[in-house]
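Take a look at the structure below.
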Amino acid sequence: MMLLIFVCGFAPFVESSIKLRQAAGSPVSYPEGCTGAHKPATEPFCATGTIGRVGMFTVNMTLYLFDINDPTKSVHFHVELATRAKKPVGLNITGGGSAEVVKKEGLGGAVAGSVTIEANTVGDGRGKYDPKTDTWTADIGIKATVEGGVLGLDTINLPISNVATAHIGPNYDFGIQALFKKTTGYSNNQGISIAFDLTMNTKNDIFTWELIGEGGFHIWLHPLVNWARSIDVIHKEFKFEL
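Rendered as structure tokens:
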């Protein structure tokens, strides 16, 4: 699995979406003091922004997931959300960038596989409200590209594009999940398959979050190689301190 992140005060509703205006909030980050400019020493990600508590809870934050080869390169998700009296008021989400988040090698380097994640804003990133469920939703484009190589042969490339939907409901229930599952097929003597989950969600309150990125891939070259490995990018629960 693997997931994503964050507002400001809200202007009046416009065609079932919202425009946001900048509002003051307390700065937060995890790990403490991190920025999007460089990968932290202790984690493969940085969540940084502001949380406001005047009149309503507002979260304006960006999650950076860093490249394993270049500590200044990342894929990022920017989330803006607001709640009043535990009821959602609005949600926006945008994103960008690209990062190779995991690479595995085996059989003495004879086989290797990697996963690269990209993010793209859908439309203007503004969410929509569903009064039936009292929930705001907003879409974000996420692409996973899986590459596998065997015995120095040409790399097998398997791109998967998804549109993931973030939501904010009552009681600070925020979440977003992108599921990637695809195979080149088994009709050929060589191929690759992946099952990968990227998820981010709140845990009980607006200050506690969970970030997950995990799954597995399978690379084969008949009859020489039948190689499967787990993908463990991250599984972390963290809390912002004001």
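According to mature numbering (1 follows the signal peptide of the UniProt record, and there is no 0), the stretch in the sequence shown is residues -16 to -1, 1 to 226, in order.
Heads up, the beta-carbon is just placed ideally off N, CA and C, and yes, glycines get one too.
Being a predicted model, the structure only gives us computed values, none of them experimental.
How is N173 classed by DSSP in three states: helix, strand or coil? coil
Return the residue from the list A162, L205, L226 that minimises the CA-CA distance to A103. A162
Confirm, please, whether the CB-CB distance from A122 to L49 is below 8 Å. no
First through last residue of the beta strand (DSSP E) which encompasses V85: 71 to 90
Decide if T56 is buried, meaning its Cβ has at least 16 other Cβ atoms within 10 Å, or exposed. exposed
Cβ shell of I77 (< 6 Å), same chain only, five flanking positions each side left out: V63, G109, A122, I124, A150
Whether S145 touches K127 by CB criterion (8 Å): yes
G199, DSSP secondary structure in three states: strand
Excluding five sequence neighbours on each side, which residues of the same chain lie with their C-beta closer than 6 Å to the C-beta of L135? A94
Is the beta carbon of E131 sitting closer than 8 Å to the one on G97? yes
Identity of the residues DSSP links to C18 by a beta bridge: Paired residues: none, contrary to the question.
Over what stretch of residues does the beta strand (DSSP E) that includes Y156 continue unbroken? Looking at the DSSP string, Y156 is not in any beta strand (DSSP E), and its letter there is neither H nor E.
M184 bridges to which residues according to DSSP? L195
Among residues of its own chain, excluding the 5 on either side of T119, which ones have a beta-carbon nearer than 6 Å to its beta-carbon? H151, G153
G93 (DSSP reduced to helix, strand or coil): helix
Alpha carbons only, please: which of S58, G20, V73 is nearest the one belonging to T42? V73
Within its chain, find whatever has a CB closer than 6 Å to the CB of A148; leave out the 5 residues flanking it on each side and keep chain order. I124, I126, I160, A162
Going by DSSP, what residue range makes up the beta strand (DSSP E) through D123? 119 to 134
In this structure, how does DSSP classify T139 when only helix, strand and coil are distinguished? coil
Looking at the secondary structure, which residues open and close the beta strand (DSSP E) in which R68 lies? 58 to 68
Who are D189's beta bridge partners in DSSP? K187
Three-state secondary structure assigned by DSSP to V106: coil
Quick one: residues in its chain with C-beta nearer than 6 Å to the C-beta of G133, no 5 flanking neighbours on either side, listed in chain order? A96, T139
Using CA atoms only, rank isn't needed, just tell me which of T192, I190, E225, T183 is closest to I218. T183
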